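The sequence shown begins at 1208 in our numbering and counts up one residue at a time.
All C-beta atoms in this analysis are idealised placements derived from N, C-alpha and C, irrespective of residue type, glycine included.
None of these values were measured; they are calculated from a predicted model.
Heads up, the thing below is written out as structure tokens.
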Amino acid sequence: MNSGAATIEENDLPDYLRNETSAVDEQAPALLVQALDSWLDSRLQEEEETVYRDLAETLEATLIRRLLDRYDGKLARMASALHANRTTLRRRLQNS
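Structural data, given as structure tokens:
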């Protein structure tokens, strides 16, 4: 997949990404990390070039739908509880 692009070194990353993997994994639930690893393994075997975008879109759409269920379909209540913009959430729901 490397098309002659420069290699990203640890020093190139912002501080919050420089933490060791174990420190990051401690903050995320083990099942989430396991599911992410499995999803990444399957996507990287396909040599997908849009892995990051696809993951971000999938996670966002799933998260918004799950939260909407928890707020009984009330987008305004959900937006208020999350301190998010209702219009943005509605647009993201429509695009997913």
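Buried or exposed by the 16-neighbour rule on C-beta atoms within 10 Å, applied to residue i
{"i": "residue 1296", "result": "buried"}
{"i": "residue 1271", "result": "buried"}
Three-way DSSP call (helix, strand, coil) for residue i in this model
{"i": "residue 1253", "result": "coil"}
{"i": "residue 1239", "result": "helix"}
{"i": "residue 1279", "result": "coil"}
{"i": "residue 1271", "result": "helix"}
{"i": "residue 1217", "result": "helix"}
{"i": "residue 1287", "result": "helix"}
{"i": "residue 1302", "result": "helix"}
Whole-angstrom C-beta distance between residue j and residue i, which should lie under 8 Å
{"i": "residue 1292", "j": "residue 1283", "result": "Not a contact, Cβ separation roughly 11 Å."}
{"i": "residue 1288", "j": "residue 1278", "result": "7 Å"}
Residues near residue i in its chain [Cβ-Cβ closer than 8 Å; skip 5 each side]
{"i": "residue 1267", "result": "1299 and 1303"}
{"i": "residue 1258", "result": "1247, 1250 and 1251"}
Option nearest residue i by Cα separation, candidates the options
{"i": "residue 1304", "options": "1301, 1236, 1234 and 1215", "result": "Since the first residue of the chain shown is 1208 and the last is 1303, residue 1304 is not available in this structure."}
{"i": "residue 1261", "options": "1273, 1236, 1222 and 1243", "result": "1243"}
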